[in-house]
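Comments concern the structure below.
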Amino acid sequence: MKLKTYALFAVAAIFGGSLAADDFDVVAAWGKDCQKCHAEDGSGLTKKGRKLRLKDYRKAEVQAEMSDEEIVKAIKEGVKEDGEFTMNAYGEDYTDEQIAAFLAYVRSLAK
């Protein structure tokens, strides 16, 4: 799926209601699957986040370093360092539209 399509789905999911049949709540999903490492505010200031030295998604310079495609790939395929997953893959758990909502949510964390 192209970047423009992801962006369209993401904007609609966040500002225009859910695109998914199950009324996907990206904030609740973030709380369930992401917050334990990335923190509620995206700072990465959690026990696990500090251990993994996660970047602070609130910072514009951090956001600028990450392409939309890289974020989507990390969500779908997970992240590995030294052959070990440091972030689980969620491609089987969420639809493309829901992953696009995560992308938009991550982007919305920047100050």
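Take the sequence shown: its letters are residues -20 to -1, 1 to 91, numbered as in mature numbering (1 follows the signal peptide of the UniProt record, and there is no 0).
Glycine included, each C-beta is placed from N, C-alpha and C at the ideal position.
Since we're looking at a predicted model, the values are computed, not measured.
The beta carbon of leucine 25 sits closer than 7 Å to the beta carbons of Ala19 from its chain, once the five residues preceding and following it are set aside; these are given in chain order. Beyond the five residues adjoining it in sequence on each side, glycine 63 comes within less than 7 Å, by CB distance, of no other residue in the same chain. For lysine 60, the beta-bridge partners assigned by DSSP are Phe65. Sequence-distant partners of asparagine 68 (beyond 5 residues in either direction) whose C-beta falls short of 6 Å from its own C-beta, in its chain, are Gly58. Rounded to the nearest angstrom, the Cβ distance from valine 42 to lysine 53 is 17 Å, too far for a contact under 8 Å.
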